[in-house]
Every structure is written in C-alpha cells, then in structure tokens.
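Trainee: Below: one structure in structure tokens.
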Amino acid sequence: MEQVEVWQGRYGDPVPLSGPLRGVRADTALAYEFKLPARFIPWPGRSRLERVFVLLDLGVSMSLPARRSTHGADRAGSAPGTWYVGLVDVTAAQDTITVRDLYINVLVPADGRLRRLLDLDEFADAIEAGHLDLTTAMDGLRRWQHFLDRHLHTARDPQSQWTGFPPQQVRDLAALPAPLGPRLT
C-alpha cells in the first residue's frame, strides 16, 4: 500500500477540484477520506468522516455514506447500509490521483432491496452541453457495463444475490483504521 494525494470534482466542472485529500492505494484500488461539513447529520454511531473507494481499473467509486441528510430526515430510500456507486474518470500522476465524477450512479442496498440507477439524464445533459466529450462518454459507458456485469450480476437474468459486491479490494481497504492519515491542507 502506498500513500497518495487525491483531488476530486465533477468532470467538466469549472469549479476548482477539492483536495488534496489523504488516500491509500493498493494495487488497482484506492481509498480516500474527507470530512463532511457540519450541516450534514451522520447516521447514528457514525462520524462525518466519509471514506470513498475507487476501483482504478474500472473507474468506479463507491461509499457507504456517513450522512443521513442535511436536515435530519432520511433521504428517500437511503439506509446506513446502502452503497452509493458512481462512474468516475481517473487520472494518476506520480503519487497524485484525480477522481472526476461522470454523473451516472447506482444505489446498492445491502439489505436485498432493489438497486436504483440514477442520473442518466445528467450524463446526457453533460454531453449535450459540451462538458463531456463523446470519447470519454463512450469509454465510461463501457466501463460501467463491465462493472455491473462483474460485480452486481454475471448472469443475463437477475440473480437472488450479488456476484462480487463489494469487491474484495474494497473490503480490504475498508478494514483499515480511520482516519487514513493526517488531513492535508
């Protein structure tokens, strides 16, 4: 495992990236953390420290969000064991990794409820507005399908359980004590 600096943001967003954030890279997986602002209310027994995992080979991020909401009411359909999984664009240079959100997400409840695909409209809007070029969009869709096939379903028809979720690389990084290191400024 190696310590890395992580920067995060939305693909094509003119707003500066957030970071640097402390991260740990292990082969084809990355974990990084950030502290949510005080307006976010964490789930009971959790802090506002949120850990994000990235499968670097697939360009997919995932987390078990630490927060309930910004106002105390639970978000629709959320639960403390619901994974938030998103398509991302990843670039790496030396010991710095940049993770940019590519709009498409899926909620994966750990209690067996149905998964919910989100934000395909945002993906299309980004292409239409010129914030997301066609080459990056096509690559992202192919990687997303590969992730779904490898980790959420391998058979053509839905199965009663996942085939490889969360991935073993994520489980290994999730076992690391928090925080991953001192906060970078």
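The sequence shown finishes on residue 411 if you use our numbering, and the numbering steps up by one all the way, no holes.
Note that beta-carbon positions come from the ideal geometry of N, C-alpha and C, so glycine has one too.
Keep in mind it's a predicted model, so treat the numbers as computed, not measured.
So, under 8 Å CB-CB, residue 259 and residue 406 are touching, yes? Tell me the CB distance rounded to an integer number of Å.
Mentor: 5 Å
Trainee: Between residue 399 and the rest of its own chain, which residues show a CB-CB distance below 7 Å, the 5 nearest in sequence each way excluded?
Mentor: 250, 252, 255, 257, 279
Trainee: Do residue 342 and residue 378 have their C-beta atoms within less than 8 Å of each other?
Mentor: no
Trainee: Got a sec? Which residues, its chain only, sit under 6 Å from residue 369 by beta carbon, not counting five neighbours each side?
Mentor: 284, 285
Trainee: Go through its chain and collect everything with a Cβ distance to residue 244's Cβ below 8 Å, but skip five positions before and after it.
Mentor: 233, 234, 235, 260
Trainee: Considering only the alpha carbon of each residue, which of 376, 320, 310 lies closest to residue 229?
Mentor: 320
Trainee: Quick check on DSSP: helix, strand or coil for residue 342?
Mentor: strand
Trainee: Would residue 337 and residue 307 qualify as a contact pair, given that the criterion is a beta-carbon distance under 8 Å?
Mentor: Against a cut-off of 8 Å, the Cβ pair of residue 307 and residue 337 comes out as a contact.
Trainee: Would you identify the three-state DSSP class for residue 320, choosing helix, strand or coil?
Mentor: coil
Trainee: Just to confirm my understanding: we take residue 247, look at its own chain, exclude 5 residues before and 5 after, and list those with CB closer than 6 Å. What are they?
Mentor: 232, 258, 260
Trainee: I'd like the span of the beta strand (DSSP E) that includes residue 247, first residue to last.
Mentor: Run containing residue 247: 244-252, per the beta strand (DSSP E) assignment.
Trainee: Between which residues of its own chain and residue 317 is the CB-CB distance below 6 Å, once the five residues before and five after are set aside?
Mentor: Cβ within range, chain order: 324.
Trainee: Between which two residues does the alpha helix (DSSP H) holding residue 227 run?
Mentor: According to the DSSP assignment, residue 227 belongs to no alpha helix (DSSP H), since it is labelled neither H nor E.
Trainee: Check for me: the alpha helix (DSSP H) holding residue 396 runs from which residue to which?
Mentor: 394-400
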